[in-house]
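> If you're matching positions, the sequence shown starts at 1 in full-length UniProt numbering and goes up one per residue. For each residue, glycine too, the CB sits at the ideal point set by N, CA and C. Computed from a predicted structure; not experimentally measured.
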Amino acid sequence: MEKGYSNMEGGSGTSEQVVDAIQYFTGCLGMSQALGVLTIILTLVWTCYYRGGFAWHDDVAHEFNYHPLFMILGLVFFYAEAILVYRVFRNVKKLYVKLLHASLHFLAIIFVIVALKAVFDSHNLAKPTPHPNLYSLHSWLGLSVVLLFGLQYVSGFVSFLFPKLSLALRQWYMPTHVFFGIAIFLGAIATALMGLTEKLLFLRGDMSTFRTAEGTFINILGLLLVAFAGLVIYLVINPKYKRQPLPEEEMIQLSQD
Numbered sequence: 001m002e003k004g005y006s007n008m009e010g011g012s013g014t015s016e017q018v019v020d021a022i023q024y025f026t027g028c029l030g031m032s033q034a035l036g037v038l039t040i041i042l043t044l045v046w047t048c049y050y051r052g053g054f055a056w057h058d059d060v061a062h063e064f065n066y067h068p069l070f071m072i073l074g075l076v077f078f079y080a081e082a083i084l085v086y087r088v089f090r091n092v093k094k095l096y097v098k099l100l101h102a103s104l105h106f107l108a109i110i111f112v113i114v115a116l117k118a119v120f121d122s123h124n125l126a127k128p129t130p131h132p133n134l135y136s137l138h139s140w141l142g143l144s145v146v147l148l149f150g151l152q153y154v155s156g157f158v159s160f161l162f163p164k165l166s167l168a169l170r171q172w173y174m175p176t177h178v179f180f181g182i183a184i185f186l187g188a189i190a191t192a193l194m195g196l197t198e199k200l201l202f203l204r205g206d207m208s209t210f211r212t213a214e215g216t217f218i219n220i221l222g223l224l225l226v227a228f229a230g231l232v233i234y235l236v237i238n239p240k241y242k243r244q245p246l247p248e249e250e251m252i253q254l255s256q257d
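1) If you draw a straight line from the alpha carbon of residue 165 to that of residue 98, how long is it in whole angstroms?
2) What do you get for residue 128, buried or exposed, if any count of 16 or more other CB atoms within 10 angstroms of its CB means buried?
3) Just to check my reading of the structure: residue 182 and residue 149 have Cβ atoms closer than 8 Å, yes? What is that Cβ distance to the nearest angstrom?
4) With a threshold of 16 other CB atoms inside 10 Å of the CB of residue 101, please say whether the residue is buried or exposed.
5) Rounded to the nearest angstrom, what separates residue 142 and residue 121 at their Cα positions?
6) With residue 57 as the anchor, note down where its alpha helix (DSSP H) starts and where it stops.
7) Are residue 218 and residue 200 touching if we call contact CB-CB under 8 Å?
8) Of the choices 16, 75, 242, 227, whose alpha-carbon is the least far from that of residue 34?
9) Classify residue 81 as buried or exposed, calling it buried when 16 or more other Cβ atoms lie within 10 Å of its own Cβ.
10) Quick one: complete alpha helix (DSSP H) runs, 4+ long, within the segment 16-81?
11) Taking the beta carbon of residue 172 as the centre, do at least 16 other beta carbons fall within 10 Å, making it buried, or is it exposed?
12) Taking residue 162 as part of the alpha helix (DSSP H), name the residues at either end of that continuous run.
13) For the alpha helix (DSSP H) that contains residue 89, what are its first and last residues?
14) On the DSSP letters alone, give me the boundaries of the alpha helix (DSSP H) that residue 246 sits inside.
15) Threshold first: 4 residues or longer. Then list the alpha helix (DSSP H) segments lying entirely within the segment 128-199, N to C.
16) Distance, Cα to Cα, residue 221 vs residue 210?
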């Protein structure tokens, strides 16, 4: 493992310091993965146990339950996995890491599309009268996050995969790409927290629902989402864990200068 992470920035210290850095990184990464999986499990428990499970057009009230589950799967978990691949696969060719990064984002897009269909169906097909769409701050922020995510995906694909910009333009655009990647992830977390709170308020129309078992469950889920986001952002922005170019990548970059 030390060899696999020897290109960590700051990894030129003693072997003990490198090992300590690797162990700390591995511990934080493992904790983030555990929290991510736990948030998915708790969301599944909430939608099945408290909200009655899943259905499709024949029962739009339960079709809605795909919305929170798939949004957390897509815009939280798989989105986080996509931005962490550059910290994890440090000695893999960058092209392969880019493809994995893009593939995980594409998987997130699929979950987001189904989640959006579920929530719009639950409003438009509601009986006896349809419910209005896009009137809450949660929906406004959520739609903004989804649109930014789509733009980020297209611009990243064109810039770094195909047809791919020149090296100078890629280097110029990269900080913007990284910034919006983190901002969109934080926006997704904020939207999820607002959505969970909004759903509980709709159930009874007042704050008393937060004193129920379901309210406590949702609060715990919200705290786990915040903890997960905190660990992911720490791993992404910490300069010690930044992926360093492999020797052959440095040679290619020099040849393009």
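The relevant details are as follows:
1) By 1-based counting over the sequence shown, the position of residue 165 is 165. By 1-based counting over the sequence shown, the position of residue 98 is 98. For residue 165 and residue 98, the distance between alpha carbons rounds to 14 Å.
2) By one-based count along the sequence shown, residue 128 stands at place 128. Counting the other Cβ atoms within 10 Å of the Cβ of residue 128 gives fewer than 16, which makes it exposed.
3) Taking the sequence shown and counting its residues from 1, the one referred to as residue 182 is at position 182. Taking the sequence shown and counting its residues from 1, the one referred to as residue 149 is at position 149. No, residue 182 and residue 149 are not in contact; Cβ-Cβ is about 12 Å, not under 8 Å.
4) In the sequence shown, residue 101 corresponds to position 101, counting from 1. Label assigned to residue 101: buried.
5) Here residue 142 refers to the residue found at position 142 when the sequence shown is read from its first residue. Here residue 121 refers to the residue found at position 121 when the sequence shown is read from its first residue. Whole-angstrom Cα-Cα distance: 16 Å.
6) In the sequence shown, counting from the first residue as 1, residue 57 sits at position 57. No alpha helix (DSSP H) holds residue 57; DSSP gives it neither H nor E.
7) Along the sequence shown, read from residue 1 onward, the residue named residue 218 stands at position 218. Along the sequence shown, read from residue 1 onward, the residue named residue 200 stands at position 200. In this structure, residue 218 lies near residue 200, with their beta-carbon atoms less than 8 Å apart.
8) In the sequence shown, residue 34 corresponds to position 34, counting from 1. Ranking 16, 75, 242, 227 by Cα distance to residue 34 puts 227 first.
9) Locating residue 81 in the sequence shown gives position 81, where the first residue counts as 1. Classification of residue 81: buried, given that the 10 Å Cβ count is 16 or more.
10) 60-63, 66-71
11) Numbered from 1 along the sequence shown, position 172 holds the residue referred to as residue 172. The residue is exposed, with fewer than 16 neighbouring Cβ atoms inside 10 Å.
12) For the purposes of this step, residue 162 is taken as the residue at position 162 of the sequence shown. Careful: residue 162 lies outside any alpha helix (DSSP H) and carries neither H nor E.
13) Within the sequence shown, residue 89 is the residue found at index 89, counting from 1. Here residue 89 belongs to no alpha helix (DSSP H), and DSSP marks it neither H nor E.
14) For the purposes of this step, residue 246 is identified with residue 246 of the sequence shown, where counting begins at 1. No alpha helix (DSSP H) holds residue 246; DSSP gives it neither H nor E.
15) 137-160
16) For the purposes of this step, residue 221 is identified with residue 221 of the sequence shown, where counting begins at 1. For the purposes of this step, residue 210 is identified with residue 210 of the sequence shown, where counting begins at 1. Those two C-alpha atoms are separated by around 13 Å.
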